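Trainee:
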Amino acid sequence: MSTSANQRSRKTLACTGEATAYQKAFGQELRRRVVDEQEPFAIAQADTPHEIFHAMDIPIVSNQWWSAYISAKQLSGRYFDAMVEKGYPANSCKYCSLGLACTLAKDPASAPWGGLPRPTVLVARLTCDCIQHVFGLWARELDTEFFAMEAPAWEHKEADWFRHSHDQWERVYQPDRIAHMVAEMRDLISLLEQRTGRRFDEAKFHHLMERINEQEGYIWEAAQAIGAARPSPVSIADQMPNTMIPQWHRGSDWAVAHARKFRDEVLERIAQGGGAGSNEKLRLMWIGAGVWHDPGFYQALEERMGAVFVWSMYMPFAGPAYIRELQGRPMEALASRIASMNETLHLPPWMSGWMRAEAERCGIDAAVILLPPDNRLSQSGTKLTAAALEEAGIPVLMIGADMVDANIWDHDRMVGMVAGFLQDRVAA
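FYI, the numbering for the sequence shown is 1397 to 1824, going by my numbering.
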């Protein structure tokens, strides 16, 4: 691994620095609340109902955010080594197990915040076989409870689900699945009320859902504008933080205001004719989670080849996956959002249908797909998505690497691989 070649990403928008500064301050405040003040808090997967915790003012640490945070600090290799030393398999799904690995390492001197303290509960949907094992073991190590949420099969296979998800969500996501998830969320609320003494306020929750719709609307406007603009005003180096950081705080006053500011800055750059690169020639699509340990990877070929990554899943997902007409049923609307988040991002026909449509919308010339070698194939439909894109005339490069494990990443080799692919299949 040539970590010396890893680069920081270059940011174009003023609001990007503001978002990262806010998240840094939030991290410090979260640490104060859960470590110093020992407030009740939860560790939860990204595809669980964070809105429940937000409405109850219960601090939450997202497992994926925590993994990205550890990886960005170049600590993942140390913790995975410690995990293997304790007898766990070396081929564990890295994204979901890095938090557990950090806990197992028992090295407060190196761990962010000295490691996570005991949470009130861990929450995850059982979207693949490894989740139950990882969270069950983690709960045991932290001496707490694991609240598992089911992931019932989605029988309604509608490849263009994204065209109807905001107003026909009950039909698209199936009434029985929505009802099942509402029942589970009510059980989660009861558990949180019992464990924390805090109460769930229906009116506060309803207002939060309305504010989330407003926030996601701004992000979706920016996504549509970027897809139509030539050149792309910003690359995914600006898109990811301005989307994901507000998502961790969705519905808050700051998140709504920041999403609006991001939208406005994007539109301003388009009006001024500004581009992410000085000479955009190739518009690239990145499929998969971010490579959190080497963010500079995405901009390595902007000047040399005019290759700009203009698309990743995080920003355009805001429209179809989050915006819901509440129809006086905010809990059911939230259930429809949570019930299929994993499927729409990782399984055919939902993943392949959406990403092919997005590639066409954004004028994509080529796609690069992350294929983590230790993720179970049953969890991801990346190969079928690659086939769908190739069928649409969009060349695809699949790279074997991991979003948080820097041990199997070499910056120069990966950049060279993309450059060779573009030269052989696109630029010619």
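Each residue gets a CB set at the ideal place from its N, CA and C atoms; glycine is no exception. Predicted, not measured: the structure shown is a model, and the values here were computed from it.
Is Pro-1455 closer than 9 Å to Glu-1435 when the C-beta atoms are compared?
Mentor: Yes, the Cβ-Cβ distance between Glu-1435 and Pro-1455 is below 9 Å.
Trainee: Would Tyr-1841 pass as a contact of Ser-1708 if the rule is Cβ separation under 9 Å?
Mentor: Residue 1841 falls outside the range modelled here, since the chain spans only 1397 to 1824, and no answer is possible.
Trainee: Only counting the same chain, and skipping five residues up and downstream in sequence, which positions put a Cβ closer than 7 Å to that of Glu-1589?
Mentor: Same-chain partners within the cutoff: Arg-1595, Phe-1596.
Trainee: Buried or exposed: Ser-1774, going by 16 or more other Cβ atoms within 10 Å of its Cβ?
Mentor: Because Ser-1774 carries a pLDDT of 47, less than 50, the predicted location of this residue cannot be relied on, and the following value inherits that uncertainty. Exposed, because fewer than 16 other Cβ atoms sit within 10 Å of the Cβ of Ser-1774.
Trainee: What does DSSP give as the partner residue(s) for Arg-1679 in the beta ladder?
Mentor: Val-1704.
Trainee: In three-state DSSP terms, what is Leu-1818?
Mentor: Helix at Leu-1818.
Trainee: Since Ala-1788 and Ala-1815 are thought to touch, with beta carbons under 8 Å apart, how far apart are those beta carbons, to the nearest angstrom?
Mentor: Between Ala-1815 and Ala-1788 the Cβ distance is about 23 Å, and since that is not below 8 Å, they are no contact.
Trainee: First and last residue of the alpha helix (DSSP H) that includes Val-1630?
Mentor: Note, Val-1630: premise wrong, no alpha helix (DSSP H); not H, not E.
Trainee: Check Phe-1531 in the structure and name its three-state DSSP category.
Mentor: Of the three classes helix, strand and coil, the one that applies to Phe-1531 here is helix, per DSSP.
Trainee: Could you check if Ser-1398 is buried or exposed, using at least 16 other CB atoms within 10 Å of its CB as the buried criterion?
Mentor: Note that Ser-1398 has pLDDT 42, beneath the 50 cutoff, so the model's placement of it is unreliable and the number below is only indicative. That one is exposed.
Trainee: Compute the beta-carbon to beta-carbon distance between Glu-1698 and Ala-1672, rounded to the nearest angstrom, for a pair I have assumed lies under 8 Å.
Mentor: Going by Cβ atoms, the distance from Glu-1698 to Ala-1672 rounds to 7 Å, so yes, they are a contact pair.
Trainee: Who are Val-1578's beta bridge partners in DSSP?
Mentor: DSSP lists no partner for Val-1578.
Trainee: Looking at the structure shown, is Ile-1719 part of a helix, part of a strand, or coil, going by DSSP?
Mentor: The answer is coil: DSSP assigns Ile-1719 none of H, G, I, E or B.
Trainee: Please determine, among Arg-1720, Cys-1758, Leu-1766, Leu-1471, the residue with the shortest C-alpha to C-alpha distance to Leu-1604.
Mentor: Nearest C-alpha to Leu-1604: Arg-1720.
Trainee: Alpha helix (DSSP H) containing Ser-1458: first to last residue?
Mentor: Per DSSP, Ser-1458 belongs to no alpha helix (DSSP H); it is in the beta strand (DSSP E), 1456-1458.
Trainee: Taking all protein chains shown into account, do 16 or more other C-beta atoms lie within 10 angstroms of the C-beta of Gly-1669, making it buried, or fewer, making it exposed?
Mentor: With fewer than 16 other Cβ atoms within 10 Å, it is exposed.
Trainee: Assuming Ala-1497 and Ala-1478 form a contact by the criterion Cβ under 8 Å, report the distance between their Cβ atoms to the nearest whole angstrom.
Mentor: Yes, they are in contact, since the Cβ atoms of Ala-1497 and Ala-1478 sit about 6 Å apart, within 8 Å.
Trainee: Apart from the five residues on each side of it in sequence, which residues of its chain come closer than 7 Å, Cβ to Cβ, to Met-1452?
Mentor: So the qualifying residues of the chain are Leu-1588, Arg-1594, Phe-1596.
Trainee: For the region 1743-1754 against the region 1553-1571, do three or more pairs of beta-carbon atoms, one drawn from each stretch, fall closer than 8 Å, so that the two count as touching?
Mentor: Contact holds: three or more Cβ-Cβ distances are below 8 Å.
Trainee: Are the CB atoms of Gly-1473 and Ala-1802 within a distance shorter than 9 Å?
Mentor: Their beta carbons are under 9 Å apart, which means Ala-1802 touches Gly-1473 by this criterion.
Trainee: Do the region 1649-1661 and the region 1409-1419 touch if we need at least three Cβ pairs shorter than 8 Å?
Mentor: They touch, by the three-pair rule.
Trainee: Taking 9 Å as the cut-off, decide whether the C-beta atoms of Gly-1686 and Ala-1464 are in contact.
Mentor: Closer than 9 Å, so yes.
Trainee: Of all the options Ala-1633, Phe-1476, Ile-1527, which has the alpha carbon lying nearest to the alpha carbon of Met-1711?
Mentor: Nearest C-alpha to Met-1711: Ala-1633.
Trainee: Nearest CA to the CA of Ala-1717: which residue from Arg-1725, Ala-1729, Ala-1520?
Mentor: The shortest C-alpha separation from Ala-1717 is found at Ala-1729.
Trainee: Identify, in the order they occur along the chain, each residue of the same chain with its Cβ nearer than 6 Å to the Cβ of Leu-1426, setting aside the five sequence neighbours on each side.
Mentor: Excluding sequence neighbours, Leu-1426 sits near Pro-1455.
Trainee: From the DSSP output, in three-state form, read off Arg-1559 for me.
Mentor: Here Arg-1559 sits in helix by DSSP.
Trainee: Keeping to the same chain, check which residues put their C-beta closer than 6 Å to that of Ala-1520; ignore five residues upstream and five downstream.
Mentor: For Ala-1520, where only same-chain residues beyond five positions count, the Cβ hits under 6 Å are Gln-1441, Ile-1527, Phe-1531.
Trainee: Arg-1521 bridges to which residues according to DSSP?
Mentor: Per DSSP, Met-1545.
Trainee: Which same chain residues end up closer than 8 Å to Arg-1567 when comparing Cβ atoms and leaving out the 5 residues on each side of it in sequence?
Mentor: Cβ neighbours of Arg-1567 beyond the five flanking positions: His-1552, His-1560.
Trainee: Excluding the 5 residues flanking Val-1822 on each side, which residues of the same chain have their C-beta closer than 8 Å to its C-beta?
Mentor: Leu-1678, Asp-1761, Ala-1762, Pro-1791, listed in sequence order.
Trainee: Have a look at Glu-1546 and Ala-1438 and give me their C-alpha separation to the nearest angstrom.
Mentor: The alpha-carbon atoms of Glu-1546 and Ala-1438 are separated by roughly 18 Å.
Trainee: Scan the region 1751-1819 and note each continuous beta strand (DSSP E) run of 3 residues or more that stays entirely inside, going in chain order.
Mentor: Entirely contained in the region 1751-1819, the beta strand (DSSP E) runs reaching 3 residues are, in chain order, 1762-1766, 1792-1795.
Trainee: Just list the residues that DSSP pairs Ala-1438 with in beta bridges.
Mentor: The partner list for Ala-1438 (beta bridge, DSSP) reads Ile-1456, Val-1517.
Trainee: Rounding to the nearest angstrom, what Cα-Cα distance links Arg-1429 and Arg-1752 in this structure?
Mentor: Roughly 43 Å between the two C-alpha positions.
Trainee: Distance, Cα to Cα, Val-1704 vs Arg-1646?
Mentor: The straight-line gap from Cα to Cα measures roughly 28 Å.
Trainee: For the ligand FAD, is there a heavy atom less than 8 Å away from the beta-carbon of His-1742?
Mentor: In the structure on display, the ligand FAD does not appear, and there are no ligands present to speak of.
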